[in-house]
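A short write-up of the structure that comes next.
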Amino acid sequence: MAMIKKKTTCEKMLTIGTILIILVLWFVSTALGWVDFKLVPSPQSVWAAFIDIMKNGYKNYTLLQHLGASMERLGIAFFWAVVTAIPLGLASGYNSKIRAVFEPIIDFYRPLPPLAYYTLLVLWLGIENGSKIALLFLASFAPIYISCVSAVMKIKEDYINSAYTIGASKMQIFFHVIFPACLPDIFIGLRTALGVAYTTLVSAEMVAANSGIGWMVLDASRYLRSDIIFLGIIIMGITGILLDRGILFIEHKVVPWEGKE
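Numbering (my numbering), first residue to last: 950 to 1210.
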């Protein structure tokens, strides 16, 4: 146990060290003029842009409002993807007839780049949040559905047969055998779906939006505001990490046995 803790501490130190090295190189390269400041702003200018946008906003919206607009779109779409894809995926894994209905649809649109059919969604639902939420829903649905189907199909028949031999009903088998066994794979699907949806969100905001972090970065690029572009990218990265860590935190609470022998 002590060796595991020591290793974890070492890994954390390596991570912190890597970040510090990147920051130092960034500061030195801009301070000494190794790079064009129009292309790579200094850390000080990015920090100044952060303070300015926090106080005065950017194009009628504060930084928190831009971030909030992005998170609202992502949250609504991801919620509906979770509450529909998980039950349909589990049912499809359990019943081949249900799987035969939904699998061709998923197989058709899953390989398509989300922005390829985004133009259709804009035509149908307009340029406002409806089209973006629908796009993020579709982007999130497929990974969750597929992970659920795969999880059910991996369950050993012996587990189910053993439950039947002690008199368990189909409902009891689902909630006490199938669903718990599927949870680790479900959370893998959730993390994958969240990553895909977040990437799609930023791309969609860059195509058609008037608020959001992605839109802010695109708009800043029109005016060669590299400080705001870097700020937006940093915020995107930090937000993405926090969202992923949030899913991991929930997984450790809901699936405490994962990874334990």
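The beta carbon of each residue, even a glycine, is placed where N, CA and C say it ideally should be.
Bear in mind that the values here come from a model prediction, so they are computed numbers and not experimental data.
Which listed residue (Ser-1096, Cys-1097, Phe-1123) has its alpha carbon closest to that of Ile-1109: One-based indexing of the sequence shown puts residue 1109 at position 160. Sorting Ser-1096, Cys-1097, Phe-1123 by C-alpha distance to the C-alpha of Ile-1109 places Phe-1123 at the top.
Straight-line gap, Ile-1025 to Lys-1081 (C-alpha atoms, nearest Å): Sequence index remark: in the sequence shown, residue 1025 carries index 76 (1-based). Sequence index remark: in the sequence shown, residue 1081 carries index 132 (1-based). For Ile-1025 and Lys-1081, the distance between alpha carbons rounds to 10 Å.
Residue interval of the alpha helix (DSSP H) (run including Ala-1158): Translated into the one-based positions of the sequence shown, residue 1158 becomes position 209. Note, Ala-1158: premise wrong, no alpha helix (DSSP H); not H, not E.
For Tyr-1007: DSSP bridge partner residues: Working through the sequence shown from its first residue, we reach residue 1007 at position 58. Tyr-1010, per the DSSP bridge assignment.
For Lys-1202, three-class secondary structure by DSSP: For this step, residue 1202 is matched to residue 253 along the sequence shown. Collapsing the DSSP output to three states places Lys-1202 in a helix.
Three CB pairs or more closer than 8 Å across the region 1161 to 1176 and the region 1103 to 1117: In short, these stretches do not touch, since the Cβ pair count stays below three.
Classification of Asp-1134 by the beta-carbon crowding that lies within 10 angstroms, buried from 16 upward: By one-based count along the sequence shown, residue 1134 stands at place 185. Classification for Asp-1134: buried.
Boundaries of the alpha helix (DSSP H) in which Pro-1063 is found, first to last residue: Mapped onto the sequence shown, residue 1063 falls at position 114. For Pro-1063, the uninterrupted alpha helix (DSSP H) segment begins and ends at 1063 to 1074.
Whether Leu-1035 touches Ser-1041 by CB criterion (8 Å): As a working note, residue 1035 is residue 86 in the sequence shown. As a working note, residue 1041 is residue 92 in the sequence shown. One detail in the question is off: residue 1035 reads as Ile in this sequence, not Leu. No, the pair does not count as a contact, with Cβ atoms beyond the cut-off.
Closest Cα partner of Ser-1099 within the set Ile-1002, Phe-1028, Leu-1037, Tyr-1010: Counting from 1 along the sequence shown, the entry for residue 1099 is found at position 150. Out of Ile-1002, Phe-1028, Leu-1037, Tyr-1010, Leu-1037 has the C-alpha closest to the C-alpha of Ser-1099.
Alpha-carbon to alpha-carbon, Ile-1093 and Thr-1141: In the sequence shown, the residue the question calls residue 1141 occupies position 192. In the sequence shown, the residue the question calls residue 1093 occupies position 144. When the Cα atoms are used, Thr-1141 and Ile-1093 turn out to be separated by approximately 8 Å.
Cβ contact (3+ pairs, closer than 8 Å) linking the region 1143 to 1158 and the region 985 to 1000: Touching, no, given that fewer than three Cβ pairs across the two stretches are closer than 8 Å.
Simplified DSSP state of Lys-987, which is helix, strand or coil: Reading the sequence shown from its first residue, position 38 is the one you call residue 987. Coil.
Residue of Ile-1127, Arg-1171, Leu-1180, Leu-1087 minimising C-alpha distance to Pro-1063: Stepping through the sequence shown from its first residue, residue 1063 is reached at position 114. Pro-1063 has its Cα closest to that of Leu-1087, out of Ile-1127, Arg-1171, Leu-1180, Leu-1087.
Buried versus exposed call for Tyr-1007 [16 or more other C-beta atoms within 10 Å across all chains shown]: As a first step, residue 1007 must be located in the sequence shown, where it is residue number 58. So Tyr-1007 counts as buried.
Proximity below 8 Å, CB of Trp-1067 to CB of Ala-997: Within the sequence shown, the letter at position 118 stands for residue 1067. Within the sequence shown, the letter at position 48 stands for residue 997. Reading off the sequence, residue 1067 comes out as Tyr, not Trp. No, the Cβ-Cβ distance between Tyr-1067 and Ala-997 is not below 8 Å.
Test item: CB-CB of Ala-1018 and Gly-1161 under 8 Å: The count along the sequence shown starts at 1 and reaches residue 1018 at position 69. The count along the sequence shown starts at 1 and reaches residue 1161 at position 212. Yes. Within cutoff.
Close beta carbons around Gly-1138, own chain, < 6 Å, minus the five adjacent residues each side: In the sequence shown, the residue the question calls residue 1138 occupies position 189. Only Pro-1092, Ile-1093, Ser-1096 meet the Cβ criterion.
Test item: CB-CB of Ile-1002 and Leu-1012 under 8 Å: As a working note, residue 1002 is residue 53 in the sequence shown. As a working note, residue 1012 is residue 63 in the sequence shown. Yes, the Cβ-Cβ distance between Ile-1002 and Leu-1012 is below 8 Å.
Pro-1133 (DSSP reduced to helix, strand or coil): The residue you call residue 1133 lines up with position 184 of the sequence shown. DSSP places Pro-1133 in helix when its eight states are reduced to three.
Within 8 Å, strictly: CB atoms of Leu-1150 and Leu-1197: The count along the sequence shown starts at 1 and reaches residue 1150 at position 201. The count along the sequence shown starts at 1 and reaches residue 1197 at position 248. Not closer than 8 Å, so no.
DSSP state of Ser-1118 mapped onto helix, strand, coil: What you label residue 1118 is simply residue 169 of the sequence shown in a count that begins at 1. In the structure shown, Ser-1118 sits in coil (DSSP, three-state: anything other than H, G, I, E or B).
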